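Notes for the one structure printed next.
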Amino acid sequence: MFLDDLRRVQSAAIRTAYANALAADGTKPKEMDLRNQVKARFVHEGLLDSWAFHCAMKLGIWKRKLTPDGTAIFGGRSELERRSKGLISSDEWKRKRLHPFVSFGDRQKTRGNQNVHLIDETTVVIKIGRKESGGRSGR
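Each residue of the sequence shown is one higher than the one before, starting from 1400 at the first, in our numbering.
Listed below in structure tokens is the structure:
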């Protein structure tokens, strides 16, 4: 399913940003350097646009501020222990590690969210993906 693929790639990007938000010597990289590192690692997937990578990077940095020692376990420590004991399958562990898809609003550029548009009370349009032929893919 397309949304699961989006969540898989963005979750991995969040974990990468979290892991690299603080260098071994305790210094913080520039946001642009971290964003470029995350994009370079996952751009070959071809699923996320630059805004989705930006949101993943921001969320990874925020999570690192909450756990500065870098010991956070995405998916939960108890679930990791259950996986190591063989109580849950590899697929179930991977599902537990998935983060909900995140797209922050931007009041300067779009005055709203670049990926999610509320049309009326019952209609939501989601446009996510890399640009193809001069426009968003909107898969």
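The C-beta atom is built at its ideal place from N, Cα and C for all residues, glycine as well. Please read all numbers here as calculations on a predicted model, not as lab measurements.
### Cβ contact (3+ pairs, closer than 8 Å) linking the segment 1442 to 1460 and the segment 1400 to 1415
yes
### For ILE1525, the residue or residues it bridges with in DSSP
Your numbering for residue 1525 matches position 126 in the sequence shown. In DSSP, ILE1525 forms a bridge with VAL1515.
### Message
In this structure, how does DSSP classify GLY1445 when only helix, strand and coil are distinguished?
### Response
Start at 1 with the first residue of the sequence shown, and residue 1445 comes out as number 46. Here GLY1445 sits in coil by DSSP.
### Query
At which residues does the alpha helix (DSSP H) containing THR1415 begin and terminate?
Reading the sequence shown from its first residue, position 16 is the one you call residue 1415. Residues 1401 to 1419.
### Query
Mind checking whether LEU1446 and VAL1408 have CB atoms under 8 Å apart?
Your numbering for residue 1446 matches position 47 in the sequence shown. Your numbering for residue 1408 matches position 9 in the sequence shown. Going by C-beta atoms, LEU1446 is nearer than 8 Å to VAL1408.
### Task
Determine the closest residue to TYR1417 out of LEU1458, ALA1423, ARG1440 and VAL1442, with distance taken between C-alpha atoms.
On the sequence shown, position 18 is the one that residue 1417 refers to. When only C-alpha atoms are compared, the closest one is LEU1458.
### Task
Look at the alpha carbon of THR1470 and the alpha carbon of THR1521, and state the distance between them as a whole number of angstroms.
Residue 1470 sits at position 71 when you count from the first residue of the sequence shown. Residue 1521 sits at position 122 when you count from the first residue of the sequence shown. Whole-angstrom Cα-Cα distance: 41 Å.
### Message
So, at 8 Å on beta carbons, what are the nonlocal neighbours of SER1502 in its own chain, with the 5 sequence-adjacent residues on each side left out?
### Response
The count along the sequence shown starts at 1 and reaches residue 1502 at position 103. TRP1450, ALA1451, CYS1454, ASN1512, GLN1513, ASN1514, VAL1515 and ILE1527.
### Query
By how many angstroms is the C-alpha of LYS1484 removed from the C-alpha of ALA1423?
Taking the sequence shown and counting its residues from 1, the one referred to as residue 1423 is at position 24. Taking the sequence shown and counting its residues from 1, the one referred to as residue 1484 is at position 85. So the alpha carbons of these two residues sit roughly 31 Å apart.
### Query
Under a three-way DSSP split, which group does GLY1485 fall into?
By 1-based counting over the sequence shown, the position of residue 1485 is 86. Coil.
### Query
Do you know offhand how far LEU1433's Cα is from GLY1425's?
The residue labelled residue 1433 in the question sits at position 34 within the sequence shown. The residue labelled residue 1425 in the question sits at position 26 within the sequence shown. In a straight line, the C-alpha of LEU1433 is about 15 Å away from that of GLY1425.
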